[in-house]
Every structure is written in structure tokens, then in C-alpha cells.
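Since the structure comes first, as C-alpha cells, the remarks are kept for the end.
Protein chains: 2
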Amino acid sequence: MGLREPFDDAGECGLPSALEAIGERWSFLILRGAFNGLHHFEEFQSALGIARNILANRLGRLVEHGILTRTPLADDRRKIEYRLTEKGAELLPVVVGLRQWGERWGIGIPSTPVLVDKRDEQPIRPIRITAHDKRELGLADLCWKQAADIRPLEEPVRAAIAA
Amino acid sequence: MGLREPFDDAGECGLPSALEAIGERWSFLILRGAFNGLHHFEEFQSALGIARNILANRLGRLVEHGILTRTPLADDRRKIEYRLTEKGAELLPVVVGLRQWGERWGIGIPSTPVLVDKRDEQPIRPIRITAHDKRELGLADLCWKQAADIRPLEEPVRAAIAA
DNA sequence: ATTAATCAGTTGCGGATTGCTACTTAATAT
DNA sequence: ATATTAAGTAGCAATCCGCAACTGATTAAT
Chain A
3 MGLREPFDDA GECGLPSALE AIGERWSFLI LRGAFNGLHH FEEFQSALGI ARNILANRLG
63 RLVEHGILTR TPLADDRRKI EYRLTEKGAE LLPVVVGLRQ WGERWGIGIP STPVLVDKRD
123 EQPIRPIRIT AHDKRELGLA DLCWKQAADI RPLEEPVRAA IAA
Chain B
3 MGLREPFDDA GECGLPSALE AIGERWSFLI LRGAFNGLHH FEEFQSALGI ARNILANRLG
63 RLVEHGILTR TPLADDRRKI EYRLTEKGAE LLPVVVGLRQ WGERWGIGIP STPVLVDKRD
123 EQPIRPIRIT AHDKRELGLA DLCWKQAADI RPLEEPVRAA IAA
């Protein structure tokens, strides 16, 4: 087993803080809705079938955590617009990765519509762990290392990668 | 009662079925433990500080969903070994992605130790969405498309990518 | 101007889930 | 024979979730 994180630090990772922000019931689905272009309370409510009080609570929490912004619209001040922040938008790989996993291993999901690259309209590649040179890595290829013990890449190598 | 149902009919993607399996409180942290080499009930319990009944419930659920296997050890039959299946192991990109996000956006997390490629001991690349040719894509580069409307790549192109 | 409709919530309540602690059961160690 | 360990269960309080009905502030219709 190559993959074992030293015990001392096992509790010291970003997961708990991530889960505090989006680890509750419905939060992932609300995020998916946001990525799909939902912006209003009633849109989320009818698209997800979530209870109104829970939705209000989750939207509030996502706003508190800086994942969504909440702005009343100028031309109709009843309407509130929820929008992803940059912080929120960077959850897309996780949401998509979880979705891909569910599609791959869940019970018969047809998987449409599909996320595609705008440029060529081809489906995105499955979310994977990759090395600095973009090789795809599996569990067996990985291990933990103290940040201080990592040797920086040689300059020419880095240049080649950047290109 | 069908309290799991709301997730299932909340949309036509794999997210609900993924959340059904691992969307509950603690499941992600139990998975992280499994990826870090924890294999036994008491190990999870003391590493995570989770209540015993909840842990039993979550482990059982992960086993039910084929994410972990549960095998009594031959040389000490009190001991039960929990191990990731292939299905479970394929959650690593999601767990790592969420962790990276938490490290990036959470409150001051030093981020050590770090996951590295065994081959050259260089840190893994951040989890990203990539195009079929491995270009990294952001929100602005993406759109949804009906699966039926996607034109397959030309044969020579596919061959080049596979290589 | 008055009334109706819409949007974004909030409230109250019953049932479900979670967390804590103590207990149990089976296998091993002394 | 007794103690200890591993892996759970059981009971109970506190919290969370889901449903339906209600409020309050705009905006639309008559």
C-alpha cells in the first residue's frame, strides 16, 4: 500500500472545512443547479423539489461561505439573484467528478445532457488525478510526502511543461 | 418512508445516485480514512472521533453500495477488514478534489503532506476539468449538449488521442 | 386605487437522523 | 477461568429534515 498519510496530519486536511460549507444534504444538488444556470429561489425549488425552508437555509449557508452571491435585481426587487462566485465555480470539478462516478457506477443512468468543450463540442474527459506532466495516475501510483521534502523540478523540465 | 427518494428524482444525472451512496455526514471522511490506509472499525473510530453507532451504520452502507468490502480476518476472527473496492477507489479524484478546494479556500490550511506521483515524487496536478486532448477547461469553456447530438471524433483523431 | 398574483422566504409540527454513553457478543490473550 | 479486545447494539436526548400553511414586500391587473 503506497498510499498512507502520516497519522499526525491526517486530521489536518481541507476536507472538513469543505464539508462544513457544502457537506449537507442538498448542497451538491443546489450547486449542480447553479452550474446549470439556475439563479432564483423558485427555480431551485421547482427544479429540485426541495422543501422551501431547507432551500432557504442552504442558499443562506452557501452565501455565508462565499460560494454564492445574493443580489436583489434592480428591475424587479422581489427577485433575488444567486450567482456562483469564483470560489463556488471552482467546485465544478468535484461536482462533475461525483456525477461521473454516479453515472459510471450507479444504476443505469442515460447521462444526457453531457458537459462538452465549447470549442469542439466534444465531451470532457473523465475527472482523474494527474501528474504534473498530465499522465493519469491511479491509487498505486501515489504516495504522501511532506511538502518540505519535495524537490522542485529542473528548470528546463518546467519550461517544457509550461509550453 | 421514502426519504431517499427526493434525491433520486431530483434530476437526470448521476449525482443523486452518488449522493445516495456517500452523501451523508461522515461518509467522505470515512473514505478519506480508507484511502489513508485505515481498515478497521476501531481505527476509523479513533481517527475520526465518530460515534460508534453512526460509524457502524456508515460502514454498513458503504459495504452495501459496493464501495468497501467487509472481511473477517483469518488469523483473528474478531477483526473485520474494510477495504476499498475498485468502485470505491474511483472516488479518489472527488475526495482529493474536495480536499484541494478546502485547502485553497478554507481558513489557512498549510497543506502538508501532499499527494505525490511515486515515479518522480512531484505533487499531483490540481483536479481540473479537461478536454479530450487534456486542455484544462474553465466554466466559460463549457456547455451542455444532448448526448445524441454529439458528433464522434474522426477516426484518425481518436487513434492519435488513444496513443 | 384596489385587488390579485408573484417572489422569497418563515413558522410550526411530526418524524427521521445524529451523537453520546453504556451495554453486548464473540474471539483471543493471560 | 478471567480479562481484554474488536465490533458492533440499545436507549435516549438533541438536532435536522420535510411538509404544508402563512407572511411580507413588490409588481401586475382591473
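Protein chains in written order, with the numbering used here: chain A, 3 to 165; chain B, 3 to 165. Note that beta-carbon positions come from the ideal geometry of N, C-alpha and C, so glycine has one too.
(Q) Using the three-state DSSP reduction, which class does B/Met-3 fall into: helix, strand or coil? (A) Only weak support is given to the placement of B/Met-3: the predicted model assigns it a pLDDT of 32, under 50, and the value that follows is read from those uncertain coordinates. Residue state, collapsed to three classes: coil.
Is there contact between the segment 105 to 125 of chain A and the segment 144 to 155 of chain B, where contact requires at least three CB pairs shorter than 8 Å?
Touching, per the Cβ criterion.
*For A/Lys-147, three-class secondary structure by DSSP*: Here A/Lys-147 sits in strand by DSSP.
task: Might you give, ordered along the chain, the residues of its own chain that have their beta carbon closer than 8 Å to the beta carbon of A/Ile-69, omitting 5 neighbours on each side?
output: Result list for A/Ile-69: Ala-23, Ile-24, Leu-33, Leu-86, Thr-87, Lys-89, Gly-90 and Leu-93, in chain order.
- prompt: Skipping 5 residues on each side, what residues in its chain have a beta carbon closer than 8 Å to that of B/Arg-6?
  reply: Per-residue confidence for B/Arg-6 stands at a pLDDT of 30, beneath the threshold of 50, marking its modelled position as unreliable; no derived number is given.
Nearest-angstrom beta carbon gap, B/Tyr-84 and B/Leu-61 [assumed within contact, 8 Å]: A Cβ-Cβ distance of about 6 Å is found for the pair B/Leu-61 and B/Tyr-84, placing them in contact under the 8 Å criterion.
Taking the DSSP output, what are the residues bridged to A/Pro-74? According to DSSP, A/Pro-74 bridges with A/Ile-82.
Going by alpha carbons, who is nearest to B/Ser-29 out of B/Gly-16, B/Gln-47, B/Cys-15 and B/Glu-14? Of the listed residues, the one whose Cα sits closest to B/Ser-29 is B/Gln-47.
query = Between the C-alpha atoms of B/Glu-105 and A/Leu-139, what's the straight-line distance to the nearest angstrom?
reply = In this structure, the CA atom of B/Glu-105 is about 21 Å from the CA atom of A/Leu-139.
Hey, does A/Leu-21 have any beta-carbon neighbour from chain B nearer than 8 Å?
-> Interface residue, yes.
Checklist line | Nearest candidate by alpha-carbon position, reference A/Glu-14, set B/Leu-50, B/His-134 and B/Asp-77 | finding: Of the candidates B/Leu-50, B/His-134 and B/Asp-77, the one whose C-alpha sits nearest the C-alpha of A/Glu-14 is B/Leu-50.
Quiz item: Are A/Ile-131 and B/Ile-109 closer than 8 Å when you measure CB to CB?
Solution: Going by C-beta atoms, A/Ile-131 is not nearer than 8 Å to B/Ile-109.
- Task: Quick one: measure Cβ to Cβ for B/Phe-166 and B/Leu-57, integer angstroms, because I've assumed they're closer than 8 Å.
- Result: In the structure as shown, chain B starts at 3 and stops at 165, and residue 166 of chain B therefore has no counterpart that could be examined.
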